[in-house]
Structures are given as structure tokens and as C-alpha cells.
Amino acid sequence: MTPIRLLIADDHPVVRDGLRGMLASEADFEVVGEAASGAEAVLLTERERPDVVLMDLQMPGVDGATATAEIAERFPDTRVLVLTTYDTDADILRAVEAGATGYLLKDAPRERLFPAIRSAARGETVLAPTVATGW
Amino acid sequence: MLQLQAAEGELPAGADAARGHLERARRTASDNLTEVRRLVWDLRPESLRAASLGEALGRLTDRLAEETGVAVTAAVTGTPRPLSPDAEVTLLRVTQEALANVRKHAHAGRVALTLSYMDGEAALDVRDDGVGFGGVDGSGPNGGLGLHGMRERVEALGGRLAVESAPGAGTTVAVTVPVLEGSGRGGPGDPEGVPRSVRAQGGAPA
Chain B
178 MTPIRLLIAD DHPVVRDGLR GMLASEADFE VVGEAASGAE AVLLTERERP
228 DVVLMDLQMP GVDGATATAE IAERFPDTRV LVLTTYDTDA DILRAVEAGA
278 TGYLLKDAPR ERLFPAIRSA ARGETVLAPT VATGW
Chain L
22 MLQLQAAEGE LPAGADAARG HLERARRTAS DNLTEVRRLV WDLRPESLRA
72 ASLGEALGRL TDRLAEETGV AVTAAVTGTP RPLSPDAEVT LLRVTQEALA
122 NVRKHAHAGR VALTLSYMDG EAALDVRDDG VGFGGVDGSG PNGGLGLHGM
172 RERVEALGGR LAVESAPGAG TTVAVTVPVL EGSGRGGPGD PEGVPRSVRA
222 QGGAPA
């Protein structure tokens, strides 16, 4: 099986390390790059052509929603899955409008994160089930 | 939180005590984050949040009109108020799929989008006067493949998605999602008025 090629975009190294550590346990995931800003996410998407970009929204310079718009426009085969700390972030709607396939909260457990990444790779909409999990 | 999960994944089999500590640490961190989210939600100006969905839908229809020359109208009825983020994202995604179908298949001259805020639910209709298609359940050969994928997500939210179409008679996509009311907060911080102590039970070690 061809692994799903992933790019992690987050300005916090500890978050990138944590994600990389979690994703390493799955044979069908391959992390092909890490970006610390929206601008870097676009550059690395151009170079690596990942299947899915895990995109933080709050990043310095070019933010996640803006980077999502550029990636969706220039690299339509790459899916963007937003990973956000706050599900109240107005940028979630902006990122989905720009072409993100869905969003998850950063503290989503692996049982939710992994299937969500696989769904996103297939182009399916991913939602953080805030109601179902009973905030 | 991610680091805790990563650590949990690397524990050798049988390290149950360590696993228990990590699980409790993760749950504490998770509870704190939930509190912060609740505070942030409460601090948001409602009018700003309520307006953003309608504006996003308006931008989508404007773009369709500009790029295709189709006559598009978009209207919001009722009193806009914030929906859960999932509900808003779902309505936005359904609109994107419906308009993508119009672009690709409908050969429509007119499209009308209506977002209605009603008691207990919000409804979205996207209606076109195009060629339509045979299936009525959103799984027809020429339309609705993306919508088909949206249906289970809408239903998971407690809403409904219907696609009505017939050859030559245009297509209507109609979706409703529940609006979380009561308690005057209107946010996910208190979705059903269930006491937090009840909701927080998740099989955590005591």
C-alpha cells in the first residue's frame, strides 16, 4: 500500500514533534516535511506534493487559512486538514471556504485523528464532533 | 497533549501504572483546555460569529455568478445567530458541493440560495433551474456524489439532507441542522444543558 504523504504545518516545534511521534506508529502515514509558517507550508507543498497538509491556523506571517487558499488553488490534489486549538476560531470557516476539507481539534485522540487523516486523503469532509463528544 | 499521547503510544506492553498516570495527565490537560475553549467561546461577540456564515455563503454565490454568468441570488431570513462550528462548516461544505454540481452539470440559468434561521434549526436551500438528474437521493450519476458523502455528517449532527431533482426540472438541495438553544449561551460550551459533571464521565480512572 502506498503510504499517505503528510506535511505538518505548525509554528510550535513541540506540536510538530508530538504529531510526528504519533503518526510514526502508523505504517500508512509518511511525514514528508514540517513547516513553521504558512509561507513555508506552501513552499514545501510545492516541493513535496503531499497528499494531506495538517494545517495550524494561528501562525506568524502567512496564516493557515491564507496558506490553505493558496494550496487549494495551486495544488488541487493536496488536501488540507485544519488542526486548531480553538473550535471557535473564525478562521476555521475561512479555511474551509478556501478549500480545506475539514478540521479537527489539536487534542483529538489518535483514534479520531488517524481515521480523519485517511478520510481527508480521500477528499472527504472531516468535522470535529464537538456535540457528539459532549464538550 | 500530543506529547502525552505520543508517550502513551511508546509505552511497552504491561506498563499499566505508567499508562494510568499518563491517561490522568492527559485528561487533566484536556479538561483545562475545555475550560479555556468555553471561556473563549463566551467572549466572542455573537453578532460577529452569526454574520460570518452568511457572508461566506454570499462570497461563494458571488463567485459562481462572476465566473459562470448564472443569475444567482442569496438571502438570509430570520435572525442570524451562531451555530456550532460543526454546523456552520457543514452548511458551508454542502453549499460548496451544491454549487460545484451546478457548475459541472446543471446548465442552469438561475440559482437561488436561502439560509433560514428558525426556531430550533437552521435551514439551507440551494435551488437551480438546470437540467436536473434522475436520482432523487443525491447519488444519481450526474450529481450529488460529494453531497452523498455529506449526508452522514449532516445526520451525525442531528440534521437532514435532501436532494430533489428530476430530468429537466432543476435540482434542489435542502439541508437542516439543529440550532443549540437554551441557557442563553448558544455555544458548544453548553450544548444540551447537561451538567458538566455528567458530560465529563468518560471512563477515566478515578
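These protein sequence lines are chains B and L, in that order. For the first sequence, position 88 (counting from the first letter as 1) is numbered 265 according to this note's numbering, and the numbering increases by one without interruption. For the second sequence, position 122 (counting from the first letter as 1) is numbered 143 according to this note's numbering, and the numbering increases by one without interruption. Glycine included, every Cβ here is placed at the ideal spot set by N, Cα and C.
key: Pairwise C-alpha distance: B/Glu225 and B/Asp188   = The residue given as residue 188 of chain B occupies position 11 in the first sequence. The residue given as residue 225 of chain B occupies position 48 in the first sequence. Cα to Cα, the separation comes out at about 19 Å.
task = Return the residues of the segment 172-196 of chain L that lie within a Cβ-Cβ distance of less than 8 Å from chain B, sorted by chain order.
result = Arg174, Ala177, Leu178, Gly179
is_contact[L/Thr111, chain B] using C-beta, thresh 8 Å = In the second sequence, counting from the first residue as 1, residue 111 of chain L sits at position 90. Closer than 8 Å: yes.
ask   = Is B/Asp268 helix, strand or coil when you go by DSSP?
value = Against the first sequence, residue 268 of chain B aligns to sequence position 91. Helix.
query = For L/Leu74, which residues in chain B fall below 9 Å Cβ to Cβ?
reply = If you number the second sequence from 1, residue 74 of chain L lands on position 53. Result: Leu270.
query = Of the residues that make up the segment 23-34 of chain L, which ones have a beta carbon closer than 7 Å to any beta carbon in chain B?
reply = Leu23, Gln24, Gln26, Ala27, Gly30
request  = Compute the Euclidean distance between the alpha carbons of B/Arg289 and B/Ala298, then round it to the nearest angstrom.
outcome  = Indexing the first sequence from 1 puts residue 289 of chain B at position 112. Indexing the first sequence from 1 puts residue 298 of chain B at position 121. Roughly 14 Å between the two C-alpha positions.
query = Does any C-beta atom of chain L lie closer than 8 Å to the C-beta of B/Gly238?
reply = As a first step, residue 238 of chain B is located in the first sequence; it is residue number 61 there, counting from the start. So, not an interface residue.
request  = Pick helix, strand or coil for L/Arg148, following the three-state DSSP scheme.
outcome  = Counting from one through the second sequence, the residue named residue 148 of chain L turns up at place 127. Residue state, collapsed to three classes: strand.
query = Shortest alpha-carbon distance to L/Gly179 belongs to which of L/Val200, L/Ala77, L/Ala121, L/Gly130?
reply = Position 158 of the second sequence holds residue 179 of chain L. Looking at the Cα atoms, L/Val200 is the closest of the given residues.
ask   = Would B/Ala246 be called buried (16 or more neighbouring beta carbons within 10 Å of its own) or exposed?
value = As a position in the first sequence, residue 246 of chain B is number 69, starting the count at 1. That one is buried.
task = Within its chain, find whatever has a CB closer than 6 Å to the CB of B/Ala212; leave out the 5 residues flanking it on each side and keep chain order.
result = Within the first sequence, residue 212 of chain B is the residue found at index 35, counting from 1. Ala186, Ala218, Leu221.
key: Other residues of its chain near L/Val115: CB distance less than 6 Å, five sequence neighbours each side excluded   = Stepping through the second sequence from its first residue, residue 115 of chain L is reached at position 94. Answer for L/Val115: Met171, Val196, listed in chain order.
query = Using a C-beta to C-beta distance shorter than 9 Å, which residues of chain L count as neighbours of B/Gly198?
reply = For the purposes of this step, residue 198 of chain B is taken as residue 21 along the first sequence, with counting starting at 1. Within 9 Å Cβ-Cβ: Leu23, Gln24, Gln26, Ala27, Ala28, Gly30, Glu31.
request  = Return no unless some Cβ of chain L is closer than 8 Å to the Cβ of B/Glu301.
outcome  = The residue you call residue 301 of chain B lines up with position 124 of the first sequence. True, the Cβ-Cβ gap to chain L drops below 8 Å.
task = Using a threshold of 8 Å, state whether the C-beta atoms of B/Leu258 and B/Ile294 are closer than that.
result = Taking the first residue of the first sequence as position 1, residue 258 of chain B is located at position 81. Taking the first residue of the first sequence as position 1, residue 294 of chain B is located at position 117. In this structure, B/Ile294 lies closer than 8 Å to B/Leu258 by Cβ.
key: For L/Glu31, the three-state DSSP class (helix, strand or coil)   = Against the second sequence, residue 31 of chain L aligns to sequence position 10. Reduced to three states, the DSSP call for L/Glu31 is helix.
ask   = Span of the beta strand (DSSP E) holding L/Ala133?
value = What you label residue 133 of chain L is simply residue 112 of the second sequence in a count that begins at 1. Taken as a continuous stretch (DSSP letters only), the beta strand (DSSP E) holding L/Ala133 covers 131-138.
Cutoff 8 Å: B/Thr245 Cβ touching any chain L Cβ = Sequence index remark: in the first sequence, residue 245 of chain B carries index 68 (1-based). No, because no Cβ of chain L sits closer than 8 Å to the Cβ of B/Thr245.
query = Along the chain, which unbroken stretches of the beta strand (DSSP E) at least 3 residues long are found entirely within the segment 240-298 of chain B?
reply = 256-261, 279-282
message = With a threshold of 8 Å between beta carbons, is L/Ala39 in contact with chain B?
response = The count along the second sequence starts at 1 and reaches residue 39 of chain L at position 18. Output row for L/Ala39: interface = no.
Boundaries (first-last residue) of the beta strand (DSSP E) holding B/Val208 = Your numbering for residue 208 of chain B matches position 31 in the first sequence. Start and end: 206-212.
Where L/Pro106 falls, given that 16 or more other Cβ within 10 Å makes a residue buried = Along the second sequence, read from residue 1 onward, the residue named residue 106 of chain L stands at position 85. Buried.
task = For L/Ser105, name the three-state secondary structure that DSSP assigns.
result = Locating residue 105 of chain L in the second sequence gives position 84, counting from the first residue. The answer is coil: DSSP assigns L/Ser105 none of H, G, I, E or B.
ask   = Should L/Val61 be flagged as near chain B, meaning a C-beta pair shorter than 8 Å?
value = Within the second sequence, residue 61 of chain L is the residue found at index 40, counting from 1. Output row for L/Val61: interface = yes.
request  = Give, in chain order, every residue of the segment 274-297 of chain B whose Cβ lies closer than 8 Å to some Cβ of chain L.
outcome  = Glu274, Gly279, Tyr280, Lys283, Asp284, Pro286, Arg287
query = Going along the chain, which residues of the segment 102-128 of chain L sit with their C-beta nearer than 7 Å to a C-beta in chain B?
reply = Ser105, Pro106, Asp107, Glu109, Val110, Thr111, Leu113, Arg114
request  = Return the first residue and the last residue of the alpha helix (DSSP H) that B/Glu217 is part of.
outcome  = Along the first sequence, read from residue 1 onward, the residue named residue 217 of chain B stands at position 40. Note, B/Glu217: alpha helix (DSSP H), 215-225.
query = Looking at L/Arg131 and L/Asp146, is the spacing between their C-beta atoms short of 8 Å?
reply = Indexing the second sequence from 1 puts residue 146 of chain L at position 125. Indexing the second sequence from 1 puts residue 131 of chain L at position 110. The answer is no: Cβ separation not under 8 Å.
query = How close, in whole Å, do the beta carbons of L/Gly30 and B/Met199 come, if the pair is a contact with beta carbons under 8 Å?
reply = Working through the second sequence from its first residue, we reach residue 30 of chain L at position 9. Working through the first sequence from its first residue, we reach residue 199 of chain B at position 22. Sure, about 6 Å apart at Cβ, within 8 Å.
query = For the putative contact between L/Thr135 and L/Thr111, defined by C-beta atoms under 8 Å, what is the C-beta separation to the nearest angstrom?
reply = Indexing the second sequence from 1 puts residue 135 of chain L at position 114. Indexing the second sequence from 1 puts residue 111 of chain L at position 90. So it is not a contact: roughly 16 Å between Cβ atoms.
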